[in-house]
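K.L.:
Dropping a structure here in structure tokens format, bear with me for questions.
Protein chains: 2
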Amino acid sequence: MKYEAINIKEKLSKFDELWSPRVIAEMNDYQFKLAKGEGEFVWHHHPETDEVFILIEGELEIEFRDGNVSLSPGEMFVIPKGVEHKPHAKGLVQVMLVEPKGVVNTGSVASELTADNDIWI
Amino acid sequence: MKYEAINIKEKLSKFDELWSPRVIAEMNDYQFKLAKGEGEFVWHHHPETDEVFILIEGELEIEFRDGNVSLSPGEMFVIPKGVEHKPHAKGLVQVMLVEPKGVVNTGSVASELTADNDIWI
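This is the structure:
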């Protein structure tokens with residue numbers, strides 16, 4: 105039997121919505137999600153978990169209350185549990201997120217940018 | 105304060121050993137590891153966890169008892185918990201692995217390819 109690889113860029117081509125993560129894989133109780141973004145996201149934090157960003161396309165700045173990190177394609181960063189952050193992209197960015205199943209994109213903050221969760225593509 | 109992104113290819117340039125994963129990041133009790141391989145690895149399984157392969161460079165075939173999957177750069181696959189598998193690379197491959205901290209590269213099989221665990225670069 106031939107099993108199917110998950111092609112990250114092919115999955116990214118399947119949606120256009122910004123700040124609306126799509127699930128592409130599950131490992132134990134963790135999920136791998138793809139998201140697109142442009143402009144400013146909201147300040148938020150995830151009280152219960154770390155969160156991983158892996159940059160696929162574009163340039164992403166993540167602001168913290170005491171600094172920032174800039175991510176280019178092929179770079180990643182682990183946002184520690186409970187740390188407030190605000191993603192910020194000048195142009196379109198495409199990222200892979202890794203976090204436990206059930207984590208909401210805006211964390212503990214209710215926002216018009218709060219997206220539906222657990223949408224698979 | 106300027107935080108540092110983790111650059112995957114820069115980390116890959118820091119070691120040459122084959123089939124010997126190096127840790128580059130930790131998210132909760134999970135680790136992101138880089139590994140290089142060439143030729144045949146051993147049949148093994150991880151009785152307690154799924155395992156994610158993300159292909160960075162080269163072409164990797166993962167054999168299962170009932171089939172196989174081929175991975176190119178930008179593709180990923182989740183090996184289900186308990187499923188026997190054997191990675192196999194014609195040329196050099198470079199991969200990122202995601203799995204719980206403490207998972208050994210040869211799983212439940214003791215082999216001359218069993219590598220030290222939890223080596224950070």
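Chains as they are written, first to last, in my numbering: chain A, 105 to 225; chain B, 105 to 225.
The C-beta atom is built at its ideal place from N, Cα and C for all residues, glycine as well.
Just list the residues that DSSP pairs Lys190 of chain B with in beta bridges.
P.N.:
Locating residue 190 of chain B in the second sequence gives position 86, counting from the first residue. Paired residue(s): B:Glu167.
K.L.:
Run through the DSSP bridge pairs and tell me what Lys140 of chain B is partnered with.
P.N.:
Counting from 1 along the second sequence, the entry for residue 140 of chain B is found at position 36. Answer by DSSP bridge pairing, in chain order: B:Leu122, B:Gln198.
K.L.:
Here's a check: name, in chain order, each residue in its chain whose Cβ is nearer than 6 angstroms to the Cβ of Ser174 of chain B, leaving out the five neighbours to either side.
P.N.:
Counting from one through the second sequence, the residue named residue 174 of chain B turns up at place 70. Excluding positions up to five away in sequence, the list reads Glu165.
K.L.:
So, does the CB of Gly206 of chain A fall closer than 8 angstroms to a CB anywhere in chain B?
P.N.:
Here residue 206 of chain A corresponds to residue number 102 of the first sequence, with the count starting at 1. Judged by the 8 angstroms Cβ criterion, Gly206 of chain A is not in contact with chain B.
K.L.:
Give the single residue among B:Lys190, B:Gly171, B:Ala139 whose Cα lies nearest to the Cα of His150 of chain B.
P.N.:
The residue given as residue 150 of chain B occupies position 46 in the second sequence. Looking at the Cα atoms, B:Lys190 is the closest of the given residues.
K.L.:
Verify the CB distance criterion: does Ile223 of chain A have a CB-CB separation below 8 angstroms to chain B?
P.N.:
Translated into the one-based positions of the first sequence, residue 223 of chain A becomes position 119. It does not: the Cβ of Ile223 of chain A has no partner Cβ on chain B nearer than 8 angstroms.
K.L.:
Find the nearest neighbour of Ala193 of chain B within the set B:Ile128, B:Asp133, B:Val146, judged by alpha-carbon distance.
P.N.:
Within the second sequence, residue 193 of chain B is the residue found at index 89, counting from 1. Among B:Ile128, B:Asp133, B:Val146, the Cα nearest to that of Ala193 of chain B belongs to B:Val146.
K.L.:
How long is the line joining the alpha carbons of Thr153 of chain A and Phe157 of chain B, rounded to whole angstroms?
P.N.:
As a working mapping, residue 153 of chain A is identified with position 49 in the first sequence. As a working mapping, residue 157 of chain B is identified with position 53 in the second sequence. Thr153 of chain A and Phe157 of chain B: Cα-Cα distance of roughly 22 angstroms.
K.L.:
Which same chain residues end up closer than 8 angstroms to Gly206 of chain A when comparing Cβ atoms and leaving out the 5 residues on each side of it in sequence?
P.N.:
For the purposes of this step, residue 206 of chain A is identified with residue 102 of the first sequence, where counting begins at 1. If we look at Gly206 of chain A and ignore the five residues flanking it on each side, its Cβ neighbours are Asn221, Asp222.
K.L.:
Which chain B residues sit within Cβ distance under 7 angstroms of Gly178 of chain A?
P.N.:
Within the first sequence, numbered from 1, the residue matching residue 178 of chain A stands at position 74. Here the neighbours are Asn111, Ile112, Lys113.
K.L.:
DSSP three-state label for Ala179 of chain A, please.
P.N.:
For the purposes of this step, residue 179 of chain A is taken as the residue at position 75 of the first sequence. Just to set this straight, residue 179 of chain A is Glu in the shown sequence, not Ala. In the structure shown, Glu179 of chain A sits in a strand (DSSP, three-state: E or B).
K.L.:
Assess, as a yes-or-no matter, whether the stretch 114-127 of chain B is touched by the stretch 136-145 of chain B under the definition of 3 or more beta carbon pairs within less than 8 angstroms.
P.N.:
These segments touch.
K.L.:
Shorter than 7 angstroms, the distance from the beta carbon of Val173 of chain B to the closest heavy atom of the ligand NAD, or not?
P.N.:
By its list of ligands, the structure shown contains no ligand whatsoever, and the ligand NAD lies outside what it can speak to.
K.L.:
Using beta-carbon positions only, say whether Glu203 of chain A and Glu155 of chain A come within less than 8 angstroms of one another.
P.N.:
Here residue 203 of chain A refers to the residue found at position 99 when the first sequence is read from its first residue. Here residue 155 of chain A refers to the residue found at position 51 when the first sequence is read from its first residue. In contact: Glu203 of chain A and Glu155 of chain A (Cβ atoms closer than 8 angstroms).
K.L.:
Of all the CB atoms in chain A, is at least one closer than 8 angstroms to the CB of Gly141 of chain B?
P.N.:
Position 37 of the second sequence, counted from the start, is the residue given in the question as residue 141 of chain B. Not closer than 8 angstroms to any Cβ of chain A, the Cβ of Gly141 of chain B fails to qualify, so no.
K.L.:
Tell me where the alpha helix (DSSP H) around Ile112 of chain A begins and ends.
P.N.:
Here residue 112 of chain A refers to the residue found at position 8 when the first sequence is read from its first residue. Per DSSP, Ile112 of chain A belongs to the alpha helix (DSSP H) from 112-116.
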